[in-house]
Amino acid sequence: MRTQVCIIGGGPAGLLLAQLLQRDGIESIVLERRSRDYVLSRIRAGVLEWGSVEKLREAGVGARMDAEGFVHTGTYLSALNRGFRIDFEGLTGKPVMVYGQTEVTHDLYAARDAAGGVIIDEAEGVHPHGLDTEAPWVTYHKDGSEHRIDCDFVAGCDGFHGVSRTCIPDSVLQTFEKVYPFGWLGVLSETPPAHEELIYANHERGFALCSMRNMKLSRYYIQVPLDHKVEQWSDDAFWDELRRRIPTDVAESMVTGPSIEKSIAPLRSFVAEPMRWGRLFLVGDAAHIVPPTGAKGLNLAVSDVHYLHEGLKSHYDDGEDEGIERYSERALARVWHSERFSWQMTSMMHRFPDQGGFGQKVQESELAFLEMSRAARTALAENYVGLPF
Ligand code: APR
Ligand code: PHB
1187 MRTQVCIIGG GPAGLLLAQL LQRDGIESIV LERRSRDYVL SRIRAGVLEW GSVEKLREAG
1247 VGARMDAEGF VHTGTYLSAL NRGFRIDFEG LTGKPVMVYG QTEVTHDLYA ARDAAGGVII
1307 DEAEGVHPHG LDTEAPWVTY HKDGSEHRID CDFVAGCDGF HGVSRTCIPD SVLQTFEKVY
1367 PFGWLGVLSE TPPAHEELIY ANHERGFALC SMRNMKLSRY YIQVPLDHKV EQWSDDAFWD
1427 ELRRRIPTDV AESMVTGPSI EKSIAPLRSF VAEPMRWGRL FLVGDAAHIV PPTGAKGLNL
1487 AVSDVHYLHE GLKSHYDDGE DEGIERYSER ALARVWHSER FSWQMTSMMH RFPDQGGFGQ
1547 KVQESELAFL EMSRAARTAL AENYVGLPF
């Protein structure tokens, strides 16, 4: 087989890139190692920056998001049993969209199918070759045979545990990492949201987050120690701890119910540089990971796709290669802004083992300053709704 762009990974990054490329007449093949059901079963975050909303609309996959998503013009932060609002729209002119990543992925798969996009599921042993030549190719195994795809470029959209990043020589690749000393225990419940907007709660017992998927499906998180296992958390224990950490008026009025999904995720900040080597481009989680506190994971994948799509379009349409030459530089500039913001939100909102009473007081002061300073709230809002592409 032959295509112009071989995309490794059928998550949001790979599917969105394929969709945008096809709309500009650029051929691609997506190689996904899991089954489609597996990919669509993953529970992920649910906040889209406005730039991501506009990019999904540009890709022709915004209809269900616009029909079923929730436009949020602000969010709440709380500490010491009281909350205050960050008015995204009033401070920046932009809102965010609450719409689950799983739904975005569903919509992307539907659009690729409708457009006759080529997605090869359950492709095993995917491996790029000749990335430092002008004629790379990718091999994989399926149905007992080895297959080869010759291409012009390879997009490594295969996530943190993918193969693409390992193809960049150690002498070239630089990585930057921070692992946080706690995780997030997340619960999905068929209950109405506890509040009309998200609540990020700082508490001396640990962080908590009240989010949602729709008016009948809520998503909650509490910070837990890294050595905790999901089995040791009953639903009742989860609800009791969540209610201790959020403002009393919200805790007393919220509706709880059985968890339909419960899992613990570790938190890490990670960046791999460069995001391009020869004919390989790293995109999304393959190149970077953020702690979910800033809701940046999917949104960074979208901005990477934006830069790569622009570069490939210029290459094929105009023979101009500045876009692909500068892809890594442009993508990383925005990646680091999101890494910093996600680290800042995580540092401000979580209880660190070694922070002590002084550290808790400093966090509470940081939140109090946010409440009193429009400038501080504007800075947070600009980062949360998304810096320009
Ligand atoms: N070969 C083929 N496919 C692979 C391989 C491989 N060797 N390794 C991983 N994959 C697939 C995974 O099965 C997954 O479907 O690549 C896809 C990567 O998707 P994501 O991990 O969702 O990453 P990305 O598309 O960059 O989206 C980033 O997803 O994980 C969240 O928080 C993250 O919201 C962010 C978003
Ligand atoms: C979610 O709804 O899953 C969610 C929302 C905001 C975050 C993280 C997760 O910062």
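Residue numbers 1187 to 1575, in the working numbering, belong to the letters of the sequence shown in order.
Glycine is no exception: its CB is placed at the ideal position from the N, C-alpha and C atoms.
Straight-line gap, residue i to residue j (C-alpha atoms, nearest Å)
i	j	result
Leu-1573	Leu-1263	20 Å
Ser-1357	Arg-1334	28 Å
Gln-1546	Leu-1556	15 Å
Trp-1425	Thr-1442	7 Å
Trp-1463	Leu-1518	14 Å
Asp-1421	Gly-1372	11 Å
Arg-1188	Ser-1214	9 Å
Val-1290	Gly-1470	15 Å
Gly-1480	Leu-1486	11 Å
Ala-1394	Pro-1433	11 Å
Leu-1277	Phe-1256	19 Å
Pro-1314	Ser-1350	7 Å
Pro-1322	Leu-1217	15 Å
Ala-1300	Ala-1249	14 Å
Asp-1223	Ala-1231	18 Å
Gln-1586	Glu-1308	Since the first and last residues shown for the chain are 1187 and 1575, residue 1586 lies out of range.
Cys-1353	Ala-1473	12 Å
Asp-1435	Met-1558	22 Å
Gln-1287	Val-1233	8 Å
Val-1312	Ala-1265	47 Å
Arg-1520	Gly-1316	29 Å
His-1389	Asn-1267	8 Å
Thr-1325	Ile-1212	21 Å
Arg-1271	Leu-1226	33 Å
Gln-1530	Glu-1550	14 Å
Ser-1252	Ser-1331	In the sequence on display, residue 1252 carries Asp and not Ser. So the alpha carbons of these two residues sit roughly 42 Å apart.
Three-way DSSP call (helix, strand, coil) for residue i in this model
i	result
Ser-1404	strand
Ser-1489	helix
Ile-1510	helix
Cys-1337	coil
Pro-1452	strand
Gln-1541	coil
Gln-1409	strand
Phe-1368	strand
Met-1440	coil
Ala-1387	strand
Ser-1551	helix
Gln-1360	strand
Met-1558	helix
6 Å Cβ shell around residue i - same chain, five flanking residues per side excluded
i	result
Lys-1364	Ser-1455
Ala-1562	Phe-1555 and Leu-1556
Ser-1514	Pro-1460, Met-1461 and Arg-1462
Gln-1440	One point to set straight first is that residue 1440 is Met, not Gln, in the sequence displayed. Counting only Cβ-Cβ distances below 6 Å, and skipping sequence neighbours, we find Ala-1380.
Lys-1280	Trp-1236 and Val-1571
Leu-1453	Tyr-1366 and Pro-1477
Cβ distance (whole Å) where residue i is taken to contact residue j below 8 Å
i	j	result
Phe-1274	Ala-1567	5 Å
Gly-1345	Gly-1483	Rounded, the Cβ-Cβ distance is 10 Å, inconsistent with contact.
Gly-1392	Gln-1409	4 Å
Residue i: CB within 6 Å of a non-hydrogen atom of the ligand PHB
i	result
Arg-1405	yes
Ser-1528	no
Pro-1231	Checking the sequence shown, residue 1231 turns out to be Ala, not Pro. Within the cutoff, so yes.
Glu-1367	For the record, residue 1367 in the displayed sequence is Pro; it is not Glu. Flag unset: Cβ of Pro-1367 not near the ligand PHB.
Ser-1533	no
Ala-1423	no
Pro-1378	no
Ser-1397	yes
Sequence-distant residues of its chain with Cβ nearer than 7 Å to residue i (five each side left out)
i	result
Val-1247	Gln-1205, Asp-1293, Leu-1294 and Ala-1297
Lys-1241	Val-1488 and His-1492
Pro-1539	Pro-1367
Asp-1210	Lys-1499
Gly-1497	Gly-1509, Ile-1510 and Tyr-1513
Lys-1402	Glu-1376 and Pro-1378
Leu-1494	Leu-1203, Ala-1341, Phe-1467, Val-1469 and Tyr-1513
Ser-1528	Ser-1455, Val-1476, Pro-1477, Thr-1479, Gly-1480 and Lys-1482
Near the ligand APR: residue i beta-carbon under 6 Å from a heavy atom
i	result
Leu-1453	no
Pro-1198	yes
Gln-1205	no
Leu-1484	yes
Gly-1480	no
Ala-1487	yes
Asp-1471	yes
Arg-1220	yes
Gln-1549	no
Gly-1348	yes
Val-1282	no
Gln-1546	no
Proximal residues to residue i (C-beta, below 8 Å), its chain only, five neighbours per side dropped
i	result
Glu-1506	Ser-1500
Thr-1319	Gly-1464 and Arg-1465
Any non-hydrogen atom of the ligand GTP closer than 6 Å to residue i Cβ
i	result
Cys-1343	Among the ligands modelled here, namely the ligand APR and the ligand PHB, the ligand GTP does not occur.
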